[in-house]
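Undergrad: What the sequence shown shows, in UniProt numbering, is residues 1 to 216, in sequence order.
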Amino acid sequence: MGEYFRDNGMHALIIYDDLSKRSDQTGAGSSTALPVIETQAGDVSVYIPTNVISITDGQICLETELFYRGIRPAINVGLSVSRVGSAAQLKAMKQVCGSSKLELAQYREVAAFAQFGSDLDAATQALLNRGARLTEVPKQPQYEPLPIEKQIVVIYAAVNGFCDRMPLDRISQYEKAILSTINPELQKSFLEKGGLTNERNMEPDASLKESTLPYL
Numbered sequence: 001m002g003e004y005f006r007d008n009g010m011h012a013l014i015i016y017d018d019l020s021k022r023s024d025q026t027g028a029g030s031s032t033a034l035p036v037i038e039t040q041a042g043d044v045s046v047y048i049p050t051n052v053i054s055i056t057d058g059q060i061c062l063e064t065e066l067f068y069r070g071i072r073p074a075i076n077v078g079l080s081v082s083r084v085g086s087a088a089q090l091k092a093m094k095q096v097c098g099s100s101k102l103e104l105a106q107y108r109e110v111a112a113f114a115q116f117g118s119d120l121d122a123a124t125q126a127l128l129n130r131g132a133r134l135t136e137v138p139k140q141p142q143y144e145p146l147p148i149e150k151q152i153v154v155i156y157a158a159v160n161g162f163c164d165r166m167p168l169d170r171i172s173q174y175e176k177a178i179l180s181t182i183n184p185e186l187q188k189s190f191l192e193k194g195g196l197t198n199e200r201n202m203e204p205d206a207s208l209k210e211s212t213l214p215y216l
């Protein structure tokens with residue numbers, strides 16, 4: 001009804017009265033809105049994007065530049081936000097992701113300036129190396145989603161430095177190799193609510209180190 005008035009040049013105000021009671025009475029269903037906005041030159045600070053951001057539970061920002069650089073899905077990690085995402089994540093995924101979003105944001109900021117200078121200190125070079133590999137790891141072919149337990153293994157390897165000295169063009173081969181060597185039962189255990197324990201942290205390390213050597 002609201003859309004009818006809107007589409008005919010009028011204004012509509014929708015009031016949802018006591019949703020907590022009505023939801024239970026009508027089967028506890030839900031409605032999810034996914035508004036899509038094409039920004040001008042990637043500017044999310046203008047009127048419509050900021051208003052939509054203020055009323056949603058988060059946003060995924062895609063960038064054309066990232067797409068053409070082969071980063072697909074082309075998500076700008078720094079601008080993308082989820083206010084409820086962490087609550088829906090498995091504990092193991094939270095543990096392995098940790099500071100990866102911050103590292104990626106720092107990497108993109110530093111990489112923009114690093115191209116203008118050749119003398120980089122060791123800490124900056126390490127940040128660039130790790131960031132380049134954290135950018136490479138999430139890439140995936142179209143229509144080939146990766147099960148969550150396998151995502152955890154791959155991200156664990158990247159954030160713990162197993163890929164730091166590896167050529168970028170060998171990352172995808174390495175991912176396939178480690179997924180075939182890590183015990184499937186161990187991978188399934190990552191789906192448990194308990195997350196990673198000291199024992200589970202240590203167990204894949206030997207396999208990851210062994211799998212790394214042929215790709216260095």
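Yeah, the Cβ is synthetic: ideal placement off N, Cα and C, and Gly gets one too.
This one's a predicted model, so the numbers in the text were calculated from it and none came from an experiment.
(1) I53 lies in the alpha helix (DSSP H); which residues open and close that run?
(2) Counting pairs of Cβ atoms below 8 Å between the stretch 79-97 and the stretch 54-67, do you hit three or more?
(3) Does DSSP classify residue 222 as helix, strand or coil?
(4) Going by beta carbon distance, what residues of the same chain come within less than 7 Å of E192, once the five residues before and after it are set aside?
(5) Using 8 Å as the cut-off, can you tell me whether the stretch 90-99 makes contact with the stretch 66-75, which would need three or more C-beta pairs spanning the two stretches below that distance?
(6) If you follow the alpha helix (DSSP H) that P184 is part of, which residue opens it and which one closes it?
(7) Note down, in chain order, each residue of its chain lying with its Cβ closer than 8 Å to the Cβ of V153, except the 5 sequence neighbours on either side.
(8) Assuming A112 is part of the alpha helix (DSSP H), what are its boundary residues?
(9) Can you tell which of I148, D164, K139 has its C-alpha closest to the C-alpha of L90?
(10) Could you please give me the residues that DSSP links to G70 through a beta bridge?
(11) Thinking Y156 and M166 are a contact (beta carbons under 8 Å), I'd like their distance in whole angstroms, please.
(12) R6: buried (16+ other C-beta within 10 angstroms of its C-beta) or exposed?
(13) Taking M93 as the reference, give the member of L196, S207, K209, P214 with the closest Cα.
(14) Do the CB positions of L127 and A158 come within less than 7 Å of each other?
(15) Checking 7 Å against the spacing of the C-beta atoms, do P35 and V46 come in under that value?
(16) Is E136 close to chain B, meaning its C-beta is less than 7 Å from at least one C-beta of that chain?
(17) I need the DSSP call for V81, collapsed to helix, strand or coil.
TA: According to the data block:
(1) 47-55
(2) yes
(3) Here the chain has residues from 1 to 216 only, and residue 222 is not among them.
(4) none
(5) no
(6) 184-189
(7) I178, L179, I182, Q187, F190, P204
(8) 100-114
(9) I148
(10) DSSP lists no partner for G70.
(11) The Cβ separation is near 15 Å, so there is no contact.
(12) exposed
(13) L196
(14) no
(15) no
(16) Absent here is chain B; the protein component of the structure consists of one chain.
(17) strand
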